[in-house]
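K.L.:
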Amino acid sequence: IIERFIDGKEVHIGILNGRVLGGVEVRPSLEFYNYEAKYTKGLTDYILPPELIDSVYERAKEVARLAHIAIGCKGGTRVDLRIDNSGNPYVLEINTIPGMTETSLLPMIAKSAGYDFTDLVEELIKGAIYES
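Numbering (this note's numbering), first residue to last: 2 to 133.
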């Protein structure tokens with residue numbers, strides 16, 4: 002598959018049980034956000050909240066929420082977006098099983114929204130029980 006490159010910012014939005022928690026801007030020091038940049042401490046800067054004007058950030062969160070709903074997601078997801086230089090959000094992917102490690106972005110976003118790791122796990126469990 003060949004896709005057009007979207008110049009701009011990479012922003013990941015965390016969603017927990019249908020609620021948007023917020024987002025993080027990902028700025029790798031390498032040319033690409035590859036495995037090395039993702040899993041080696043210090044190779045990527047994570048900006049919480051993303052450095053976007055408010056209206057662009059709100060639109061990005063709404064697009065992520067709608068993408069989450071559109072494919073029937075439950076629990077915790079992370080929606081990865083590119084925000085082009087005109088402020089338009091493009092969904093890259095929806096992570097239906099986001100990472101839960103010390104370098105993972107959903108726990109990082111949740112922490113910025115006031116959830117420690119234990120709170121996040123408890124909310125995921127509560128959501129799973131409610132949905133069953």
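C-beta atoms are modelled at their ideal positions from N, C-alpha and C, and glycine is treated no differently. Since the structure is predicted, the reported quantities are computational estimates derived from the model, not experimental observations.
1. Tell me which residues share the same chain as Asn-86 and place their Cβ nearer than 8 angstroms to its Cβ, disregarding the 5 neighbours each side in the sequence.
2. How would you write the range of the beta strand (DSSP E) that Arg-20 sits in, first residue to last?
3. Taking the alpha helix (DSSP H) that Ile-130 falls in, what are its first and last residues?
4. Closest by CA to Pro-51, which one among Leu-44, Thr-41, Gly-43 and Lys-62?
5. Return the chain-ordered ranges of every alpha helix (DSSP H) run that is complete within the segment 36–75 and spans a minimum of 4 residues.
6. Going by DSSP, name the residue or residues bridged to Ile-84.
P.N.:
On the basis of the supplied data:
1. Asp-8 and Gly-9
2. 20–29
3. 118–132
4. Lys-62
5. 36–40 and 55–71
6. Lys-10 and Pro-90
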